[in-house]
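Undergrad:
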Amino acid sequence: MHSAQPVFRFAPSPNGYLHLGHAYSALLNFDLARQTGGRLLLRIEDIDVTRCRPDYEQAIYDDLAWLGIQWETPVRRQSEHLDAYVDACDRLTAMGLLYPSFESRTEIARLVAAEEAKGPWPRDPDGAPIYPGHARSLSDDDVAAFKQSGAPVALRLDMAAALMRSGPLTWQEDGRGSDSETGTVTAHPEAWGDVILARKEVPTSYHLSVVIDDALQGVTTVVRGQDLFWSTSVHRLLQQLLGLPSPVYQHHRLLQDDVGAKLAKSAGSTSLRELRSQGVTPADIRRLVGLTTTA
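Take 10 as the starting number for the sequence shown in the working numbering and just add one per residue.
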């Protein structure tokens, strides 16, 4: 059961400096928490050990404090809770729902190209080709040989088997202030194919860790960008398989740059620290993201 008090969270990754899109999401969560008498949690999603850096994490705290956002402590850092994600993988493996795949990204691209030579090959909601699924048919001896060779290994969810176990799934979408649907949304996890839930070098994934964290932290309302709308299908499936509660979701509009592209760290979008150094104020930020009043 959800607690009577709403619990919101802002969960950035410390792999770059926050930009206006992050500010919008953080302020929206902060405002909603205050308007509803709820709590705001801050979570640092730092499982990507190659890109996450301590200075980026510190910059997150600095930027949010500058915006006037207050959050509860201690902050949950995903890198400190890998055991919880490994445990979830072990449970799914015991259900017969995970299998190891050993192809490199280059090999998977070659497999997809071979499939596309025969005709159109399906792509997931993010536009990436769905995994062809060859590793599902590996024998035990093949798996043992691959493991012995030190080949890269990823644990994938057998989507067909998982859906047989879960049955049809929906989630509740609260479309306040967004362009997304409102009400009951039908989940389509099959659109993602056999998603990766863990890798040899990082024993979890975004999909798995976010579901575990939201449940462990008692999050009741997930407010995040529209780009993650269809990821919710995978999250609902994992919640069902692992016996976890499902929050209400609210996927907000995405802020765009002058040419209509989504703001992104990878695209070098102007950071909040840059704007701050130019004399922009927190009140200016609120106006820039379309939040003209405080909660």
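Each residue gets a CB set at the ideal place from its N, CA and C atoms; glycine is no exception.
For Asp99, count neighbouring C-beta atoms within 10 Å of its own C-beta (all shown protein chains included) and say buried if the count is 16 or more, exposed if not.
TA: exposed
Undergrad: Are at least three pairs of beta-carbons, each pair with one atom in the segment 68 to 84 and one in the segment 32 to 40, less than 8 Å apart?
TA: yes
Undergrad: When DSSP labels each residue in this structure, what does Tyr108 get in the three-state scheme?
TA: strand
Undergrad: Looking only at its chain, what residues have a beta carbon closer than 8 Å to the beta carbon of Arg245, apart from the 5 residues adjacent to it on each side?
TA: Hits under 8 Å: Leu178, Thr179, Trp180, Ala196, Pro198 and Ser255.
Undergrad: Starting from Glu182, follow its DSSP beta bridges and name the residues at the other end.
TA: Gly192 and Tyr258
Undergrad: Pull up the distance between the alpha-carbon of Tyr309 and that of Gly159, whole angstroms please.
TA: Past the edges of the chain, shown from 10 to 304, lies residue 309, and the structure says nothing about it.
Undergrad: Can you give the Cα-Cα distance for Ala163 and Glu54, rounded to whole angstroms?
TA: Rounded to whole angstroms, Ala163 and Glu54 show a C-alpha spacing of 20 Å.
Undergrad: Tell me the residue span of the alpha helix (DSSP H) that contains Val298.
TA: Pro291 to Val298
Undergrad: Measure the C-alpha to C-alpha separation of Val231 and Ala224 and round it to an integer number of angstroms.
TA: When rounded, the distance between both Cα atoms is 11 Å.
Undergrad: For the beta strand (DSSP E) containing Arg43, name the first residue and the last one.
TA: Taken as a continuous stretch (DSSP letters only), Arg43 belongs to no beta strand (DSSP E), being part of the alpha helix (DSSP H) at Leu29 to Gln44.
Undergrad: Under three-state DSSP, which class holds Ile56?
TA: Here Ile56 sits in coil by DSSP.
Undergrad: What's the C-alpha gap between Thr193 and Val220?
TA: Cα-Cα distance, rounded: 19 Å.
Undergrad: Gln87: buried (16+ other C-beta within 10 angstroms of its C-beta) or exposed?
TA: Buried.
Undergrad: Rounded to whole angstroms, what's the CA-CA distance from His11 to Pro141? Just pull it up for me.
TA: Low per-residue confidence applies at His11: pLDDT is 48, beneath 50, and the placement is therefore not dependable enough to give any value.
Undergrad: Quick one: complete alpha helix (DSSP H) runs, 4+ long, within the segment 72 to 135?
TA: With a minimum length of 4 residues, the continuous alpha helix (DSSP H) runs that stay inside the segment 72 to 135 are 91 to 103 and 114 to 127.
Undergrad: From Trp130 to Asp149, what distance separates their C-alpha atoms?
TA: 28 Å
Undergrad: Under three-state DSSP, which class holds Gln226?
TA: DSSP places Gln226 in coil when its eight states are reduced to three.
Undergrad: According to the Cβ coordinates, are Pro138 and Val121 closer than 8 Å?
TA: yes
Undergrad: On the DSSP bridge list, what partners appear for Ala207?
TA: Leu164
Undergrad: By how many angstroms is the C-alpha of Ile56 removed from the C-alpha of Pro63?
TA: 13 Å
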